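Heads up, the sequence shown is in the UniProt record's numbering, so the first residue is 1 and it goes up one at a time.
See structure below.
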Amino acid sequence: MRQASHSDCHRPAGGLETGFRKRQGAATTTEGLLRDDRTIYVVENDPERSLVKTLVVIGPSGCGKTTIGTRAAEIAGVPFFEGDAYHSEAAVEKMSEGGALTNEERLPWIARIGKAIAAEAPDKAVLACSALNLTIRAALRTALPGEIGFVLLDVPPEELRRRLTQRQHHFAGAAMLESQIAAMDKMTDVDRVDGTKPPKAVAKRVARLVDDL
1 MRQASHSDCH RPAGGLETGF RKRQGAATTT EGLLRDDRTI YVVENDPERS LVKTLVVIGP
61 SGCGKTTIGT RAAEIAGVPF FEGDAYHSEA AVEKMSEGGA LTNEERLPWI ARIGKAIAAE
121 APDKAVLACS ALNLTIRAAL RTALPGEIGF VLLDVPPEEL RRRLTQRQHH FAGAAMLESQ
181 IAAMDKMTDV DRVDGTKPPK AVAKRVARLV DDL
């Protein structure tokens, strides 16, 4: 398998459009829509997007998404995309203060990720993204250009807290963890990997999931 180089870790370019539009109306369960009590968010499909297969490494802050995702991408020989790099400055500021983003605030972020992967990934990719609830995972399934799988790095809350007290220079700190844990659903639509195992072993397991896409 091709070894991914450092340049394969992708960061956003400026000027990416959101890829979503919104309209007022009643809530619906139609696949591909995000909704709240007031607005339906409709994904603007791009017919020229390539059908890239993406494995999304998910979980709350401190579970190891970036560390494991980067290593797994290198093993599988595919590019790695850091979801946090596509947040707006306003979103980063809010999360730095311990606030959680609403689904509406996440929509432009998800669309930017989807456009970047469609434009830059050749056939497969690994994405690090929290994706803690089914609504966001449904939005990712629509925004990303092709087949998508999710793997949760399963780490107990006490271990997450310990890791975050040691982490520096990242906007998602210990203050944000409790809201993330509260937001997590049962994760019945994802694969699970024990995130407390040695990183090398976890990365190899995740890389096999990339190969299986």
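Using N, Cα and C, we set each Cβ at its ideal position, and we do this for glycine too.
None of these values were measured; they are calculated from a predicted model.
{"query": "Between Pro145 and Lys53, what straight-line distance do the alpha-carbon atoms span, to the nearest angstrom?", "result": "8 angstroms"}
{"query": "Expressed to the nearest angstrom, what Euclidean distance is found between the alpha-carbon atoms of Ala72 and Ala128?", "result": "11 angstroms"}
{"query": "Use the C-beta contact count for Lys186: other C-beta atoms within 10 angstroms, 16 or more gives buried, fewer gives exposed.", "result": "exposed"}
{"query": "Could you give the uninterrupted runs of the alpha helix (DSSP H) lying entirely in the stretch 52 to 101, keeping only those of 4 residues or more?", "result": "65 to 76 and 89 to 96"}
{"query": "Please check the pair Leu132 and Gln180, which I expect to be a contact at CB under 8 angstroms, by giving their CB distance rounded to whole angstroms.", "result": "6 angstroms"}
{"query": "Going by beta-carbon coordinates alone, are Val210 and Leu55 separated by less than 8 angstroms?", "result": "yes"}
{"query": "When the Cβ atoms of the stretch 152 to 167 are set against those of the stretch 88 to 100, are three or more pairs found closer than 8 angstroms?", "result": "no"}
{"query": "Could you give the residue range of the beta strand (DSSP E) that holds Ala128?", "result": "Lys124 to Ala128"}
{"query": "So, Val78 versus Gly69, is the Cβ gap smaller than 8 angstroms?", "result": "no"}
{"query": "Between Glu93 and the rest of its own chain, which residues show a CB-CB distance below 6 angstroms, the 5 nearest in sequence each way excluded?", "result": "none"}
{"query": "Please report the distance separating the alpha-carbon of Gly59 from that of Ala121.", "result": "23 angstroms"}
{"query": "Just checking my contact of Arg192 with Leu140 at CB under 8 angstroms: how many whole Å lie between their CB atoms?", "result": "Actually they are not in contact, since the Cβ atoms of Arg192 and Leu140 sit about 18 angstroms apart, beyond 8 angstroms."}
{"query": "Which residues in the same chain have their Cβ closer than 7 angstroms to the Cβ of Thr196, if we skip the five residues on either side of it in sequence?", "result": "Val155 and Glu159"}
{"query": "Below 8 angstroms between beta carbons: does that hold for Pro199 and Gly83?", "result": "no"}
{"query": "Do you know how far the Cα of Ala203 is from the Cα of Asn103?", "result": "29 angstroms"}
{"query": "Per the DSSP calculation, Gly149 is bridged to which residue(s)?", "result": "Leu55"}
{"query": "Can you tell me the Cβ-Cβ gap for Ile113 and Ala76, rounded? I've got them flagged as a contact below 8 angstroms.", "result": "Ile113 to Ala76, Cβ: 19 angstroms. No contact."}
{"query": "Does any residue of chain B bring its CB to less than 8 angstroms from the CB of Ala128?", "result": "This model lacks chain B altogether; it includes just one protein chain."}
{"query": "Beta carbon of Leu164, beta carbon of Ser61: below 8 angstroms?", "result": "yes"}
{"query": "Out of Thr188, Val190 and Arg162, state which residue places its alpha-carbon closest to the alpha-carbon of Leu177.", "result": "Arg162"}
{"query": "Only counting the same chain, and skipping five residues up and downstream in sequence, which positions put a Cβ closer than 7 angstroms to that of Ala183?", "result": "Ala100, Leu132 and Asn133"}
{"query": "For Leu51, which residues in the same chain have their Cβ closer than 7 angstroms to its Cβ, ignoring the five residues on either side in sequence?", "result": "Pro145 and Gly146"}
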